[in-house]
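Some notes on the structure that comes next.
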Amino acid sequence: MNPIDVTTKLIGLLGKPLKQSFSPTMQNRAFHAANLNYLYFPIEAEVDDLGDLLRGIRRMNFAGLNVTKPNKIAVMPHLDEIEPSALVIGAVNTVKVEEGRLIGYNTDGVGFATSLHQDLNINILGCSFFIMGCGGAGRAIATVLALRGARRIFLADVETNRAVELAADVNKLAACAEVVSVDPRETQAALSQVDVFVNATAVGMNPHEDQTPLPAAWLDKRLVVCDILYNPLKSRLLQEAEQAGCRTSNGLGMVLYQGAAAFEIWTGVKAPLAEMRGAIHECVVGPCK
Numbered sequence: 000m001n002p003i004d005v006t007t008k009l010i011g012l013l014g015k016p017l018k019q020s021f022s023p024t025m026q027n028r029a030f031h032a033a034n035l036n037y038l039y040f041p042i043e044a045e046v047d048d049l050g051d052l053l054r055g056i057r058r059m060n061f062a063g064l065n066v067t068k069p070n071k072i073a074v075m076p077h078l079d080e081i082e083p084s085a086l087v088i089g090a091v092n093t094v095k096v097e098e099g100r101l102i103g104y105n106t107d108g109v110g111f112a113t114s115l116h117q118d119l120n121i122n123i124l125g126c127s128f129f130i131m132g133c134g135g136a137g138r139a140i141a142t143v144l145a146l147r148g149a150r151r152i153f154l155a156d157v158e159t160n161r162a163v164e165l166a167a168d169v170n171k172l173a174a175c176a177e178v179v180s181v182d183p184r185e186t187q188a189a190l191s192q193v194d195v196f197v198n199a200t201a202v203g204m205n206p207h208e209d210q211t212p213l214p215a216a217w218l219d220k221r222l223v224v225c226d227i228l229y230n231p232l233k234s235r236l237l238q239e240a241e242q243a244g245c246r247t248s249n250g251l252g253m254v255l256y257q258g259a260a261a262f263e264i265w266t267g268v269k270a271p272l273a274e275m276r277g278a279i280h281e282c283v284v285g286p287c288k
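Numbering that gives the first Met the number 0 puts the last residue of the sequence shown at 288; the count rises by one with no breaks.
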């Protein structure tokens, strides 16, 4: 790590709890690899803390922030500017500080889209998707896929109004894509019309590894199956998809590439992906250091 002095640029992670976050290890490793005098550190903060914190951050030597639960939506009224796709998503996970002004972005969808291309060699342009789950992650993924030229996107959520609202929002932003909300009971029929299935729910996450958002019988080997979960590294959904002959991907690629996008927003420097990937691997196999 570079010596910390009065010129060190600060990056904070605002959220609670933060004990399990990979981000401090990943980003500090990246700053060191890029020979940048930056320091990334966690700031446990809840919604009621944001006003006071952000007033102080404007006056200090901060270059930016990451924002995570429970603050991704609550931080938005405190910002001076929000990038248009983040407005549609309705959440901010990255903030750049420029001369005391706070500018909000959302890199979650970008992280997912980049992982699709880099890890699975999938060209989003003209591709069809089914996204299960229309919360924060699902909104981010659907928005970016539509902006990058997806041909059709089916959306489903146990709260059907969330899928309807997201479809309307994304259709306004990216008229070239056909974005359709479907009742979860219509999932099997819709799957026959798509190339990629995305689980953007918490179904199957530790400690409920026995759960899955799709029956194994619905999985066909022509499908690519993505799960944004990474705890466990291989969810029941991904295990059964592999058994059916599908190509699969867990959520670690999304973590890597959303972090890389944030790094580049803060620094203007290309992210050192190999070092960031190595840091994530260390966090997965053992305690982050």
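Cβ atoms here follow ideal geometry from the backbone N, Cα and C, with glycine treated the same way. Given the structure is predicted, the values throughout are model-derived calculations rather than measurements.
Excluding the 5 residues flanking residue i on each side, which residues of the same chain have their C-beta closer than 6 Å to its C-beta?
{"i": "Ala215", "result": "Glu239"}
{"i": "Ile42", "result": "Gly11, Leu13"}
{"i": "Val202", "result": "Gln210, Pro212"}
{"i": "Arg150", "result": "Gly125, Ser127"}
{"i": "Glu263", "result": "Ala270"}
Might you give, ordered along the chain, the residues of its own chain that have their beta carbon closer than 7 Å to the beta carbon of residue i, omitting 5 neighbours on each side?
{"i": "Pro271", "result": "Ala29, Ala32, Ala33"}
{"i": "Ala112", "result": "Ile123, Val143, Leu144, Arg147"}
{"i": "Lys71", "result": "Ala90, Val91, Asn92, Gly135"}
Going straight from the alpha carbon of residue i to that of residue j, what length do you get?
{"i": "Leu119", "j": "Gly55", "result": "42 Å"}
{"i": "Glu158", "j": "Trp217", "result": "22 Å"}
{"i": "Pro231", "j": "Met204", "result": "6 Å"}
{"i": "Ser84", "j": "Val197", "result": "20 Å"}
{"i": "Pro206", "j": "Lys18", "result": "17 Å"}
{"i": "Ala259", "j": "Leu251", "result": "12 Å"}
{"i": "Pro76", "j": "Leu115", "result": "32 Å"}
{"i": "Asp182", "j": "Asp219", "result": "21 Å"}
{"i": "Asp291", "j": "Gly63", "result": "This structure cannot speak to residue 291, because the chain is shown only from 0 to 288."}
{"i": "Ser20", "j": "Leu154", "result": "29 Å"}
{"i": "Val223", "j": "Gln242", "result": "13 Å"}
Taking 7 Å as the threshold (C-beta atoms), are residue j and residue i in contact?
{"i": "Arg138", "j": "Ile102", "result": "no"}
{"i": "Gly132", "j": "Asp156", "result": "yes"}
{"i": "Ala189", "j": "Val169", "result": "no"}
{"i": "Ser22", "j": "Asn92", "result": "no"}
{"i": "Arg161", "j": "Gly99", "result": "no"}
Hey, is residue i's beta-carbon within less than 7 Å of any beta-carbon in chain C?
{"i": "Leu86", "result": "Absent here is chain C; the protein component of the structure consists of one chain."}
DSSP puts residue i in a beta bridge; with which residues?
{"i": "Arg276", "result": "Beta-bridge pairing links Arg276 to no other residue."}
{"i": "Asn198", "result": "Met131, Asp226"}
{"i": "Leu154", "result": "Ile130, Ser180"}
{"i": "Arg100", "result": "Glu97"}
{"i": "Thr247", "result": "Val224"}
With a threshold of 16 other CB atoms inside 10 Å of the CB of residue i, please say whether the residue is buried or exposed.
{"i": "Cys289", "result": "This structure cannot settle anything about residue 289, because the visible part of the chain is limited to 0 through 288."}
{"i": "Thr6", "result": "exposed"}
{"i": "Phe40", "result": "exposed"}
{"i": "Ile152", "result": "buried"}
{"i": "Ser191", "result": "exposed"}
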